[in-house]
Amino acid sequence: MYGMKIDNHPKLDRLLLPEYSNFHPLRKGFKFEGDSVDDMNRTWEIEREADQKVSSTVLEHHRRDYFVNMGPQHPSTHGVLRLLLHMDGETILEIDPVIGYAHRADEKMGENGNYMQFYPYPSRVDYLAGMIYNWGYVGTVERAIGIEITERAQYIRVIVSELQRLASHLMWYGAFLMDVGSFTPFLYCFQDREEILDMFEMCDGSRLTYNYFRFGGQERDLSPEMLDRARKFIPMMKSHLKDYEKLVQKNIIFRKRTEGVGVITKDMAIQYGVTGASLRASGFAYDVRKSEPYGIYNQFEWDVPTATTGDAYGRFAVRVQEMWQSLRILEQALTRIPEGPYNNPAAPKRFKPNPGEFYFCVESPRGEMGIYLISDGTENPYRIKMRTPCYSNLQVIKDVGRKNFLADVVCILGSLDIVVPDVDR
Amino acid sequence: MINIAIQILIWAVGIIAVVTVNALALVYLERKVSAHIQCRLGPMQVGFHGLLQTVADAVKLVSKEQIIPKNADKVLFILAPILAFFPVIVLFVVMPFAPNLICRDLNIGVLYVFSFASLEVIAIFMAGWSSNNKYSLLGAMRSVAQVVSYEVPLLLAVLAVVLVIGSLKMSEVVQYQHKIWMIFLQPAAFLIFMMGGLADTNRSPFDIPEAESELIAGFHTEYSGMRFALFFLSEYSNVFLVSCIATALFLGGWYGPFVNGIHWFVIKVYALVFVMMWVRWTLPRLRPDQLMNFCWKILTPIAILNLLVTGVVLKLVH
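Listed in order, the protein sequences are those of chains Z and B.
Note that the first sequence covers residues 58 to 482 in the working numbering.
Note that the second sequence covers residues 5 to 322 in the working numbering.
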């Protein structure tokens, strides 16, 4: 995006933009007009020609190994992710993730508008954790302008975030089992997720990409009906989770498919910057909510679940435990939520934060999600950098997936819980 | 002479009609069973409780364009679905639906069934190879490995049954069971047969040749329209046929309480089909290497042991 040259890099190519493009949109001098439009049009042509050359050369070889393009349209890459697999029979020799198919220039859009105008975008980056990403952005700006958040809004934030975490984990639960080959749990999980989405509809109006957080508070109050529904939801979810455990975690085929598959060691996870459940499954109890508490998370009683194995089953077990912990936090938050204003009327609509650099991170269902904001003292952000967890988590598949079977790669990818727009931003 | 010709014609028309109608019924049944297992309703709009949904889908498939990929091997590509469908029809010839409802009661009936059933794998490999698609080829490779391997325990299990009965004729096999069903004499053989049958028909948890999450649709990824429908039809007919064979060999065919006849055969077959669907929508999928290990290290030794014990016991009894 900047056109940085790195010495001794083994494979230096464009990450998010097409490989043959010669423009650098995040540079301040970049203007999308005139020459750059022509450049972009030319890019596709050059790429097409190059692709044709490659395909004609590959056909001439007659070798034992071969390449498979898994994606960008493939049922188990969960979006437009492309894995270039170098295979020998069913065994993977090398994996090369190719990203950028869902690149939507979210960071650039942040620079183009003022602070208010970036509200709706974060929830579209990871569409399964919209509420939490909302908090990530709003929290950063709140830190920059130093505004106070009302007590009730703090509770509302925790409630919607934990509900969102449950919804995201439920979606992942079903999708992961579908990768392993059983279709039925997907629909059971969707039924529970539907309940959560209905609740979100009651508090925000939308079901997937929310715009609920405001600087200093919320867009509107949580209705008593919604809170009642959430209180009823907790015991139901608990009994369902127990059922799922009996049906899935005790199934021998599922255990055989996941145990010992895709082991991420602790060192490897730290080196790659893996966060979230994938890191905790390797035995490192790092959770932003505990280690760097934001909001009022330090007022609740809950644990950080970990596993020691680091395999796909470990990641599965950790996520299931996280669902239990989320329910625990929800229970406490729902009993303690105070009355009061849901937003801070003193919050300014237009403002100019002091020049400086601000970082705020939240624990998304997939790991540490942080926004790094540079303000130059104007109404628009100078730079918004999103530290999205999937981007770092995906890299690890290069090391972990090697020397595995094709079926295992699907299982590992599922257990890492990748959301493609979160990778590509 | 003319009589025989008319007889053959009636049987041919009858078999094709049964195959098609039965496949439609099975597709409907699978949709409804899977839907209710997954707390859904399934098709509800077309006809009463969606009864005509599969008919509508069949019409859609027939009227669809036939796409042949540019780099495909055209002859094999066109031939494969026909070849996949052929054994299905041939197998119906010896199915003992009722005492006087067998098209040809060959005296090598059981042998005939299994020799034609194993032809299916050639068609699958043809389809995978000719599509010129890596996923198809992988699916076909897996399928060949799986079907050929699972045929070993399957045939060993059937051999034990044949040893007890002492005949390969389908009608005699069923008649032998008028007092006690074979499942009570050979429970291990029945279980092995059902597992091998699931693997042979590429049904979950042995559905690795068309593992959706890995290979998209396996060997029939590139097929569309009626050619795809033929694969679909043969898959469902195979499920039906495996249940038919299991009923004839193990569950006493047309025998049952009260009145013997075709209704008992049909009830038993559909019960087995239901069990196979139930398994499919409940269990995850095995990995190819685990599948092979299971076949060669667990099923085959048990099948051989079963055959050995059967032989020894028979020798002692006589």
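Beta carbons are placed, not taken as given, at the ideal position from N, Cα and C, and that holds for glycine.
Inter-residue Cα distance where the pair is residue i and residue j
| i | j | result |
| --- | --- | --- |
| Z:Pro132 | Z:Gly367 | 25 angstroms |
| B:Ala164 | B:Thr314 | 6 angstroms |
| Z:Phe80 | Z:Asp183 | 26 angstroms |
| B:Asp204 | B:Lys301 | 18 angstroms |
| Z:Lys85 | Z:Ile431 | 13 angstroms |
| Z:Gly483 | Z:Arg337 | The structure shown does not extend to residue 483 of chain Z, since chain Z spans only 58 to 482, so no value can be given for it. |
| B:Pro324 | Z:Gly471 | There is simply no residue 324 of chain B to check, as chain B begins at 5 and stops at 322 in what is shown. |
| B:Leu202 | Z:Gly167 | 55 angstroms |
| Z:Ile253 | Z:Val377 | 17 angstroms |
| B:Gly326 | B:Leu30 | Chain B is shown from 5 up to 322; residue 326 of chain B falls before or after that span and cannot be answered. |
| Z:Lys165 | Z:Gly157 | 15 angstroms |
| B:Leu309 | B:Ala233 | 41 angstroms |
| Z:Trp359 | Z:Met259 | 27 angstroms |
| B:Val63 | Z:Ile189 | 47 angstroms |
| B:Ser241 | B:Val22 | 10 angstroms |
| B:Ala88 | B:Gly46 | 29 angstroms |
| Z:Asp481 | Z:Trp381 | 30 angstroms |
| Z:Phe373 | Z:Gly170 | 40 angstroms |
| Z:Leu304 | B:Leu295 | 21 angstroms |
is_contact[residue i, chain Z] using C-beta, thresh 7 angstroms
| i | result |
| --- | --- |
| B:Pro288 | yes |
| B:Pro209 | yes |
| B:Trp285 | yes |
| B:Lys138 | yes |
| B:Ile128 | no |
| B:Gln179 | no |
| B:Arg291 | yes |
| B:Ile41 | yes |
Delimiting residues of the beta strand (DSSP E) encompassing residue i
| i | result |
| --- | --- |
| Z:Tyr429 | 424 to 432 |
| B:Ser134 | First-last for B:Ser134: 124 to 134, but that is the alpha helix (DSSP H), not the beta strand (DSSP E). |
| Z:Leu141 | 139 to 145 |
| Z:Phe124 | 123 to 127 |
| Z:Arg440 | 438 to 444 |
Cβ neighbour criterion (16 or more within 10 Å) applied to residue i
| i | result |
| --- | --- |
| Z:Arg407 | exposed |
| B:Gln11 | exposed |
| B:Trp268 | buried |
| B:Val243 | buried |
| Z:Ala210 | buried |
| Z:Ser296 | exposed |
| Z:Glu282 | exposed |
| B:Lys36 | buried |
| Z:Cys468 | buried |
| B:Ile14 | exposed |
| B:Cys43 | exposed |
| B:Val177 | buried |
Terminal residues of the alpha helix (DSSP H) in which residue i lies
| i | result |
| --- | --- |
| Z:Cys468 | 463 to 473 |
| B:Cys248 | 229 to 254 |
| Z:His160 | Counting along the chain, Z:His160 falls outside any alpha helix (DSSP H), and DSSP gives it neither H nor E. |
| B:Phe90 | 78 to 95 |
| B:Lys64 | 57 to 67 |
| Z:Phe233 | 208 to 237 |
| Z:Ile152 | Element bounds for Z:Ile152: not the alpha helix (DSSP H) but the beta strand (DSSP E), 148 to 155. |
| Z:Lys455 | 454 to 457 |
| B:Met281 | 266 to 284 |
| B:Tyr116 | 113 to 121 |
| B:Trp15 | 6 to 41 |
| Z:Tyr329 | 323 to 329 |
Proximity test, Cβ basis, 7 angstroms: residue i and chain B
| i | result |
| --- | --- |
| Z:Gly238 | yes |
| Z:Leu244 | yes |
| Z:Phe341 | no |
| Z:Phe311 | yes |
| Z:Val125 | yes |
| Z:Ala464 | yes |
| Z:Thr241 | yes |
Contiguous alpha helix (DSSP H) assignments of at least 4 residues, all confined to the region 261 to 321 of chain Z
281 to 301, 309 to 315
Please list the segments of the alpha helix (DSSP H) lying wholly inside the region 355 to 415 of chain Z, counting only runs of 4 or more residues, in order along the chain.
DSSP runs (the alpha helix (DSSP H)) wholly in the region 355 to 415 of chain Z: 369 to 393.
Starting from the N-terminal side, write out each stretch of the beta strand (DSSP E) that is 3 residues or longer and does not extend beyond the region 163 to 198 of chain Z.
none
Inside the region 152 to 235 of chain B only - alpha helix (DSSP H) runs reaching at least 4 residues
With a minimum length of 4 residues, the continuous alpha helix (DSSP H) runs that stay inside the region 152 to 235 of chain B are 174 to 180, 186 to 189, 191 to 204, 216 to 219.
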